[in-house]
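Residue numbers (this note's numbering): 47 to 272.
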Amino acid sequence: MIETDSDGDVCVVTLDRPDRRNALTPAALDDLESAVDGADAPVVLLRGAGSTFCAGADLDAVAELGDREAAEAFARRGQRVATTIAESESVVVAGVDGAARGGGVELALACDVRVATPEATFAESGAAIGLLGAWGGTVRLPEVVGLGDAMDIALSGRVVDAEEALRTGLVSRIVDDPRTVADGIAANDPAALRTIKERLRDDGDRAERERREAEAFADLHADFER
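Okay, here's the thing in C-alpha cells:
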C-alpha cells in the first residue's frame, strides 16, 4: 500500500489504501520506513491517496494485538517510522489533503514541513476509543503547537480544520497543491537543504549548536560560487 515515485529532485511517497482511508498495518509501517529510508532525492513528499491523508493505525490490526508486549512493539514500530522520517537526509514534506487522524497526525508531525490543503482536517482521536497517540504523538505535538493547544487537541479529540492548524503551527501553509511546496524546496541546493535540516534538528546545548552551525557554514562555503 506504499507507492513510491521518484520524479527528479522530489520522491513522492503515497499511502495508497484509499478504501481503508490509508490506515496503516504493521507491514505497511515497515514498507513506509523502507520507502523513506531508501529515498534518493533531496525532498520527499508524503501524501495520501484519495480524499484522506491517513486515518492512522488500522484498528483491525490494533484489535488483533494479542498482549501487552505486542501492543508496545506496535507502538515502537510506529515511533521508529516517525524517527526515520525526522532523521532522513531528505527534507520530508507532509502534504495533508483531507483527513489526518491519530497516527496520520503523528506521521505528519515527524515531517520537516507540513502543509495543508483547504480541505485538510486533523484530530488526535485516541481518547474516544480508550487509546492515545503512541507514534510520538504525546512527544511531538506539544513541541510543535505548545502544551496548551496540545492538551486541548489530544484530550478533546476534536477536529481541527486547516485554518486552525495554520494558527497553531500544526502546518506552515495552506495551499491548493502540496507538490508546489515540495518543488519549491527542491529547487534549492541539495547540500544546503541537508545541512539546514540537520542544524535545525540539532537538540544540543546552545554553544554546541552554534559551534556546529559555524562548522557547517564553513563546509558549505568550500563549494560556494557566487
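The beta-carbon is built from N, C-alpha and C at its ideal position, and this holds for glycine as well.
Source: prediction; values computed, not measured.
{"Query": "Any alpha helix (DSSP H) of 4 or more consecutive residues that is wholly inside the segment 214 to 248", "Result": "224 to 232, 236 to 247"}
{"Query": "Meets three-Cβ-pair contact criterion under 8 Å: the segment 131 to 151 and the segment 190 to 197", "Result": "no"}
{"Query": "Residues of its chain near threonine 241, where Cβ-Cβ distance is below 8 Å and the 5 sequence neighbours each way are ignored", "Result": "Ala262, Asp265, Leu266"}
{"Query": "Run of the beta strand (DSSP E) containing aspartate 53, from where it starts to where it stops", "Result": "48 to 53"}
{"Query": "Close-in-space but distant-in-sequence residues of the same chain around arginine 67 (CB under 6 Å, 5 per side omitted)", "Result": "Thr98, Ala101"}
{"Query": "Three-pair Cβ contact test at 8 Å for the segment 182 to 194 versus the segment 145 to 160", "Result": "yes"}
{"Query": "Exposure label - arginine 272; buried when at least 16 CB within 10 Å", "Result": "exposed"}
{"Query": "Rounded separation between glycine 176 and arginine 225 - CA only", "Result": "36 Å"}
{"Query": "Beta carbon of alanine 81 nearer than 8 Å to that of threonine 50", "Result": "yes"}
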